[in-house]
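Participant: Just so we're aligned: the sequence shown equals residues 1 to 316 in UniProt numbering. Cβ coordinates follow ideal geometry from the N, Cα and C atoms, glycine included. Just so it is clear, the structure is predicted and the values come from calculations on it, not from any experiment.
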Amino acid sequence: MEEELRGLQLGDNTQRTQQKQEQVPLHEGAATAIIPWKYCNVYANNRSPERLFLFQGQSIFIQQRLDEKVTIDQNTGNVVWDGAYLMAKFFESHIGSLQGKSCLELGAGTGLVSIVAWLLGATHVLATDLPGPHTEHVQKNTGVNARRIAQERMQEIQRHEKAVVGAEEGREDMRMRRRRNRQERTRMIELDSDNLSVAPLDWNTPVLPESVKFQGPFSYILCSEILYLPKFHRALLKTLTKFSDEHTVVLLLWKQRGLGEERFFDIACRPSTGWKVQYLERTVLDAEFQDQPYGVAQMTRIPTTSTPSSFIDSSS
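1) Which residues share a DSSP beta bridge with E299?
2) Around the Cβ of G96, are there at least 16 other Cβ atoms within 10 angstroms (buried) or fewer (exposed)?
3) If you count every other CB in all the chains shown that lies within 10 Å of the CB of residue 317, and 16 or more means buried, which is it?
4) Look at the alpha carbon of G216 and the alpha carbon of S244, and state the distance between them as a whole number of angstroms.
5) Helix or strand or just coil, what does DSSP make of T128?
6) Give the straight-line distance between the Cα atoms of G111 and V138, rounded to the nearest whole angstrom.
7) Could you tell me how far apart the beta carbons of E225 and A84 are, in whole angstroms, since I believe they sit closer than 8 Å?
8) Can the beta-carbon of L280 be found closer than 8 Å to that of Q256?
9) Is it buried or exposed, N228, if we count other Cβ atoms within 10 angstroms and call 16 or more buried?
10) Buried or exposed: T128, going by 16 or more other Cβ atoms within 10 Å of its Cβ?
11) Secondary structure at I157, three-state DSSP: helix, strand or coil?
12) Whole angstroms is fine: what's the gap from T283's alpha carbon to P36's?
13) Check the C-beta distance from L106 over to T239 and give it rounded, since I have them as a contact under 8 Å.
14) Would you report the Cα separation of V296 and L251, rounded to the nearest angstrom?
15) Is the beta carbon of S102 sitting closer than 8 Å to the one on T76?
16) Since K255 sits in a beta bridge, which residues does DSSP pair it with?
17) From the DSSP secondary-structure annotation, give me the bridge partner or partners of C223.
18) Nearest-angstrom Cα distance between N78 and E136?
19) When the Cα atoms are used, what is the spatial distance from R148 to G100?
20) Return helix, strand or coil for T304, following the three-state DSSP convention.
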C-alpha cells in the first residue's frame, strides 16, 4: 500500500476529465456541438431523481431522495454531494486497482464512493451509515448497480474470450492474441456483487452486525464530507481507531464551510491518539474543483515499535 500511494506526485498533477462526449444544443435551429463531458455541466440537473456517473467505462445510476428537505443537519445522504464524486475520482485517478484490498466507507450517503471502490476490484467493500432509511437508501443504490455491472462485466469478458478463441489467424498470431488476451483479462477483472455490502454503524458505539462477513481491519477507510458537525469528531476518531491497524490508510475529503471541519484534525494530531495526519495538495482533486475550497488528507496509525513512515512522499 505504501508503494501505491508514494507514486502520487503532489506538485504537478493534472486531472483528466472523463472522456465521454455529449451533444448540447447551442440554440434553437442551430447544429449541435460536441463538447467534453463535465461534472459541472450547466445543462445537468443535480437535483433530479436519478443521476448518471461514469467510472471505468461503466454507468452508475444513483437514485436521489427528493421527497424530504435536505439541510446540513438532516437527510444529507439523500443526494450526491460533490465531495463524494471527488473522492471517487481520486480513487480512480490515483489509487487505481484495489484488487485484494478492503474498504470501509463511513457516512456513505448514496453509496457512490463504495460502488466505485468495488468497481476498482476491492475484495471487501462495506458502505455504512446510520440505521433505518439511511442504510436502506445506500442498499438500494449499491445493490441495483452492483448486480447490473457484475452481469455486464461478465458478458463483456465472455465476448472478449469468445472473439479470441474463434479467431482464424495463424498459429503465431493466435499465440500473440492469447497473450494479449491474458494481459487484457487482468484489467478486465470479474466483479462479484457479494463483495459490496451495506451495514448500519453508529460512531458512538462502533460495532458492526455479526452478519457482516468482514469486520476489519480495513485497507482503506473512506470519509467524504463527514466533518461538518464537530460534535461527532471524537466519535468519528473512535470509529477510525476501531476498524484500522498500522497498515490502514484513512482518506478524508471535506469542503471548508467554516463549520469547524478542521477541528477534527486538532484532536486527531494529539500524541495520545496514535495517529499521523498528512494534508494533500489540492492538485490531487479533479481539475474542475481545484479552485474550490476542498481539503484532502490521509491519516495513518503511528507504529508502536518504529518510526512512522510516510505513505505519500510530499517532497517528490
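Facilitator: This is what the structure holds:
1) Mapped onto the sequence shown, residue 299 falls at position 299. The sequence given here places Met at residue 299; Glu does not occur at that position. Per DSSP, V250, V277.
2) Numbered from 1 along the sequence shown, position 96 holds the residue referred to as residue 96. Exposed, by the Cβ-count rule.
3) Because residue 317 is not part of the residues shown, which for the chain are 1 to 316, the question remains open.
4) For the purposes of this step, residue 216 is taken as the residue at position 216 of the sequence shown. For the purposes of this step, residue 244 is taken as the residue at position 244 of the sequence shown. C-alpha separation (whole angstroms): 7 Å.
5) As a position in the sequence shown, residue 128 is number 128, starting the count at 1. T128 falls in the strand class under three-state DSSP.
6) Numbered from 1 along the sequence shown, position 111 holds the residue referred to as residue 111. Numbered from 1 along the sequence shown, position 138 holds the residue referred to as residue 138. For the pair G111 and V138, the Cα-to-Cα distance works out to about 5 Å.
7) The sequence position of residue 225 within the sequence shown is 225, counting from 1. The sequence position of residue 84 within the sequence shown is 84, counting from 1. Indeed they touch by this definition, with Cβ atoms about 7 Å apart.
8) Position 280 of the sequence shown, counted from the start, is the residue given in the question as residue 280. Position 256 of the sequence shown, counted from the start, is the residue given in the question as residue 256. For L280 and Q256, no; Cβs fall outside 8 Å.
9) One-based indexing of the sequence shown puts residue 228 at position 228. Just to set this straight, residue 228 is Tyr in the shown sequence, not Asn. Buried, because 16 or more other Cβ atoms sit within 10 Å of the Cβ of Y228.
10) Taking the first residue of the sequence shown as position 1, residue 128 is located at position 128. Looking at its Cβ environment, which holds 16 or more other Cβ atoms inside 10 Å, T128 is buried.
11) By one-based count along the sequence shown, residue 157 stands at place 157. Judged by DSSP in its simplified three-state form, I157 adopts helix.
12) To locate residue 283, count along the sequence shown from 1; it is residue 283. To locate residue 36, count along the sequence shown from 1; it is residue 36. Rounded to whole angstroms, T283 to P36 spans 20 Å at the Cα level.
13) The residue labelled residue 106 in the question sits at position 106 within the sequence shown. The residue labelled residue 239 in the question sits at position 239 within the sequence shown. Right, the Cβ-Cβ distance comes to about 7 Å (below 8 Å), so this counts as a contact.
14) On the sequence shown, residue 296 is found 296 positions in, with the first residue counted as 1. On the sequence shown, residue 251 is found 251 positions in, with the first residue counted as 1. Take the alpha-carbon of V296 and the one of L251: they are about 7 Å apart.
15) Indexing the sequence shown from 1 puts residue 102 at position 102. Indexing the sequence shown from 1 puts residue 76 at position 76. Cβ atoms of S102 and T76: not closer than 8 Å.
16) Position 255 of the sequence shown, counting from 1, holds the residue named residue 255. Answer is Y294.
17) Within the sequence shown, numbered from 1, the residue matching residue 223 stands at position 223. L106, L252.
18) Within the sequence shown, residue 78 is the residue found at index 78, counting from 1. Within the sequence shown, residue 136 is the residue found at index 136, counting from 1. N78 and E136: Cα-Cα distance of roughly 11 Å.
19) Working through the sequence shown from its first residue, we reach residue 148 at position 148. Working through the sequence shown from its first residue, we reach residue 100 at position 100. Those two C-alpha atoms are separated by around 22 Å.
20) For the purposes of this step, residue 304 is identified with residue 304 of the sequence shown, where counting begins at 1. T304: coil per DSSP, three-state reduction.
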